[in-house]
Structures are given as structure tokens and as C-alpha cells.
Amino acid sequence: MKFVYFGSSGFSRVVLEELFAQGYTPSLIVSQPDKPRSRGLKVLPLEVSMFAQEKHFLLLKPCSLHSEEFIQRIKKESAETFVVADYGKLLPPELLALSGKIPIALHPSLLPCYRGAAPVNWALIHGEKETGNTVFRVREKLDSGEILLQERVCIAETDNAISLHRKLARKGADLLIKALDQIKRNEYMLTAQNEAFASFAPKLSKKDGKISWDADASTIRNLIRGTLGWPSAYTDYKKITLKILETQIVETTVTQAPATIVRIDKNGIYVATAKNLICIQKVQPQGKKPMDAYAFVLGHNVTLGEQFT
RNA sequence: CGCGGGGUGGAGCAGACAGGUAGCUCGCAAGGCUCAUAACCUUGAGGUCAGUGGUUCAAAUCCACUCCCCGCAA
Numbered sequence: 621m622k623f624v625y626f627g628s629s630g631f632s633r634v635v636l637e638e639l640f641a642q643g644y645t646p647s648l649i650v651s652q653p654d655k656p657r658s659r660g661l662k663v664l665p666l667e668v669s670m671f672a673q674e675k676h677f678l679l680l681k682p683c684s685l686h687s688e689e690f691i692q693r694i695k696k697e698s699a700e701t702f703v704v705a706d707y708g709k710l711l712p713p714e715l716l717a718l719s720g721k722i723p724i725a726l727h728p729s730l731l732p733c734y735r736g737a738a739p740v741n742w743a744l745i746h747g748e749k750e751t752g753n754t755v756f757r758v759r760e761k762l763d764s765g766e767i768l769l770q771e772r773v774c775i776a777e778t779d780n781a782i783s784l785h786r787k788l789a790r791k792g793a794d795l796l797i798k799a800l801d802q803i804k805r806n807e808y809m810l811t812a813q814n815e816a817f818a819s820f821a822p823k824l825s826k827k828d829g830k831i832s833w834d835a836d837a838s839t840i841r842n843l844i845r846g847t848l849g850w851p852s853a854y855t856d857y858k859k860i861t862l863k864i865l866e867t868q869i870v871e872t873t874v875t876q877a878p879a880t881i882v883r884i885d886k887n888g889i890y891v892a893t894a895k896n897l898i899c900i901q902k903v904q905p906q907g908k909k910p911m912d913a914y915a916f917v918l919g920h921n922v923t924l925g926e927q928f929t
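All letters in the first sequence, in the order written, are residues 621 to 929 by the numbering used here.
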């Protein structure tokens, strides 16, 4: 079936790779324009664009989805459907109208929960035990269209934002394929979302990664899991900003003030929280590569009783 | 030319400003102590100090250039 793929991020790239691996190749890929990113003002293509270039797919990177030129180009494509996965912009009605059959999108949450830009991160931050994928009909309003297919996915205790994104992207591709086959045969069911249960998972910002040691250990650990990759959870030790990458909870009675280092051994740095200890196992100091927390201790004379800020 | 940190035995760091024997905390190896241990004690191996050129009697250290890694910002 001929379809146009809209996507831009790393998550979207994995989905696209899976579709490609299983023989579902879009006739055209639409990604976002290259943007200056990373240090040094370099203009780099986004993940989906890079994949498209590697595989020599037709690729468009329109600045505006409303432009006459772009609309005409899509019209000419006369695709049977559109597949959207983390494109990052809403598709305007005049564009959606160009999809032969219904346009569909993949969203890595159990809609109507966690609509928006960062559903996977927020599910982890909230300590959810379960999330999922939803394939829905693209409507003008964000993540609000009728549901075609939905699949539940367990969140493991060891999952983090990176592993869960990857897991959901792979499973999501399978779900999209199922939906594409249904659309092809005109054998799909649309179920309206229950607006009463809708919730929103907004884009994260750097501030969201700041650790409050006043919270309990599991809340802190969930933040660390949910923000891994970007923006990452961080705290300050003396003048150094530390990203906290891996932790473990140690259930015990805490007598020291939150943020106090109460124990150090080869497993890492044990820090007091409002409830239980959290053992920091892996960190990344600013300007450095990720390292074992104990390695950081060795080089920086970390001592008991010191506090993170 | 967006801002900034960094590259020193296997790991993390000090030494650099005020050039002059390669240092610290670990790890590793061998031995000892111990009921025992990730504890303690002895001893040991392991470095062209990212690279190239320059200054100098002498460069990890000063100067110039190059390569690589990372944080912020976007």
C-alpha cells in the first residue's frame, strides 16, 4: 500500500526502520527541516532524515506544511494513506484531506492518556507499571482521533526512557503494520477516545530533570529513569553538576537529612531521601563521560556526610 | 567563528599559574594476616603525560597548530 511517512525523531526512525525491515516502505518521507543543533552551530539532519538519506528514500523537509508547493507535491503523490509517528508538528486539515483513506498515527501511550510530546517519559516519571501503543486516526486536534488499535506494554522496573522508547517503537511498528493491513482491506474499527480520561504529557525541559532530594527514593528513581537520554536527571556536588544515570533503591530507615551521603562502597553512593536510600551507581559529571559512581568518588574525595544540592 | 570543561599506567583524579627523578585513591599480580571478607599489611608489574612542530641546558608543565571526548545553549 502506498503511504507517506511523517516523522523526525529517533523514536520515529526506529519505527521506520522496522517498517522497512518488514517490507513496508513509504513512497515518500516527510521530516522536519535540518536544524542547527549540538555544539558548534552545526546544521544536522534529524534522525528520520538521516535514515532516509542512507536508504535513498524520497525525502521532503518542508518548512511549512501549509505552503502551496508542499501541498501540491503531496497531492501529486496520491498516497493511499499517511502514517505519522512523532513528526513534531500538527498536520493541517488541507493536508489530511489528501490522504486517500484515513491517515493514521502511532502514539506510544494508551490514549487518551499521555497525549502530547513526551508520553514515554511521563509514564516513567509517574511510576506507571504499564503503558502501550495506540494507532489512531489523525485529526486536526493533537492526539485526539478515533482509535483503531491499542496494545498494552508492561514497564519493567529496569526500564528507562531509552529502553522503553526502543521497545515501544518496535512494537509500535508491528501495530502500524496491522493497521495498514486493516485499512487496505477496509476492515477497521474506529473507537472514539473518551475525553473525560484525557491527560497530557508535555515536552520536557531541562528544569524537569532537577532532582529534589526531599522526595522519596522511588519518586527520584522514576525521574531518573524517565528523563534518561534527555534532559537527564541532575544534581550538584560542590561546584560540579552531575547527571545521575543509574540508581537502585535501598529500603531502610533513614535518619539523616535528605540529600546527605550516608554510605559509600563499590556499588556507589548512598543518599538519604524522604523515604529509603537511593544508591547512585552511574553518573556523568559535566564535561565528562559517563562513569561508575565509585570511580567518581575515587577522583573527587567524596566523603560521608556531604550533601548534594 | 554560539559558551564552556577535558585527553597523565586498566578506572577516576592531582601535578601545569611560578619548567628540573611520574604522584594520589582504586584496580591488577604475587605473598602475608585472618574463622572469613569488597577489610588490613608487604612487595611488584604497568606511562613515548592525545599528536606534530617550536622555545630551552632541560617540557606533562611555556608557545603554535592538529586530532579526539564531553557539558551547556539551540
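Note that CB positions come from ideal geometry on N, CA and C, so glycine has one too.
For residue i and residue j, I'd like the C-alpha separation in whole angstroms.
i	j	result
S825	A877	28 Å
T855	T778	21 Å
A725	G888	42 Å
Q927	V882	9 Å
N806	F916	59 Å
S647	F623	6 Å
V903	V668	30 Å
S819	I831	24 Å
E771	E637	20 Å
G925	V874	13 Å
M809	K798	12 Å
Secondary structure at residue i, three-state DSSP: helix, strand or coil?
i	result
V891	strand
R735	strand
A743	helix
D885	strand
G630	helix
A672	helix
I840	helix
Q692	helix
Q770	strand
P665	coil
R657	coil
Taking the alpha carbon of residue i as the reference point, which residue from the options has its own alpha carbon closest?
i	options	result
Q901	Y808, E926, T873, L862	L862
L666	E697, C683, G630, S684	G630
A816	P732, S832, L768, K823	P732
A812	A821, I797, I767	I767
N814	A821, K823, S764, L788	S764
Y625	V874, Q692, I775, L678	L678
T727	G919, G708, T880	It should be noted that the sequence gives His, not Thr, for residue 727. Of the listed residues, the one whose Cα sits closest to H727 is G708.
F640	A793, A738, E697, L769	A793
H920	C899, I898, L897, I884	I884
A853	K696, L924, T929	T929
P822	P653, T923, S729, I649	S729
P739	A789, E700, P713, E697	A789
Just checking my contact of residue i with residue j at CB under 8 Å: how many whole Å lie between their CB atoms?
i	j	result
F736	L711	According to the sequence displayed, residue 736 carries Gly and not Phe. Not really, about 16 Å apart at Cβ, beyond 8 Å.
L931	L715	The question about residue 931 has no answer, for the chain in this structure spans 621 to 929.
I860	P905	5 Å
N842	L918	The pair is not a contact, with the Cβ atoms about 29 Å apart (cut-off 8 Å).
Sufficient close CB pairs (3 or more, under 8 Å) joining the region 700-713 to the region 752-772: yes
Touch test, the region 720-736 against the region 664-674, Cβ-Cβ under 8 Å, three pairs minimum: Verdict: no, contact absent.
The region 779-789 touching the region 842-854, judged by at least three CB pairs closer than 8 Å: Yes, the region 779-789 is in contact with the region 842-854.
Given 8 Å, three or more beta-carbon pairs between the region 891-898 and the region 864-876: yes
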